[in-house]
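Student: Have a look at this one before I ask anything.
Residue numbers (the working numbering): 680 to 834.
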């Protein structure tokens, strides 16, 4: 029986060596199914964050990621603070069974919604949502008809 060997990749803007990458994009491009990507403290601009299936993204204390689009199927994301960027909502697409654990999602709403799911199913464990509205009385979380579930759970 073939075994899937997984690796640990490190994101460190100042680091070097095997499996150490200066950006999240480079680490995800070099990852394979089952890998864990550990992100060291810092602020990262990642307009489109894409991972391969069954990847784990783990943030060390002090990781902040500015993004607007996540495509992370079957991925577990832990200990990362996300901010939406470019006045866009935080858009999670084509990501079945993604898990956010111990994360923060900071969403500034410049339109009627701040978090949008398309072809995605998400579980939030102990995840903090910080939502601020500009020029809007209502904040919506929008899901497409093919969203199987959206679960919010605390310990």
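The beta carbon of each residue, even a glycine, is placed where N, CA and C say it ideally should be.
Distance check for residue 735 and residue 680, CA to CA, integer angstroms please.
Tutor: A caution first: residue 680 carries a pLDDT of 48, below 50, which makes its placement in the model unreliable, though a value can still be read off. Taking the straight line from one Cα to the other gives about 24 Å.
Student: Just to confirm the assignment, what range does the alpha helix (DSSP H) spanning residue 707 have?
Tutor: 703-708
Student: Where does residue 759 sit, in a helix, a strand or coil, going by DSSP?
Tutor: The DSSP-derived three-state label of residue 759 is coil.
Student: Which of helix, strand or coil does DSSP assign to residue 732?
Tutor: Correct three-state label for residue 732: coil.
Student: Can you find the residues in the same chain that come closer than 8 Å, C-beta to C-beta, to residue 807, ignoring five residues on each side of it along the sequence?
Tutor: 782, 783 and 784
Student: Taking the beta strand (DSSP E) that residue 750 belongs to, which residues open and close that run?
Tutor: 748-750
Student: My understanding is that residue 726 touches residue 752, with C-beta atoms under 8 Å, so please give their C-beta distance in whole angstroms.
Tutor: 19 Å between Cβ atoms; not a contact.
Student: Quick one, are the C-beta atoms of residue 687 and residue 703 less than 9 Å apart?
Tutor: In this structure, residue 687 keeps its C-beta atom at 9 Å or more from the C-beta atom of residue 703.
Student: Cutting at 6 Å between CB atoms, please list the residues of its own chain near residue 738, excluding the five before and the five after it.
Tutor: 718, 758 and 759
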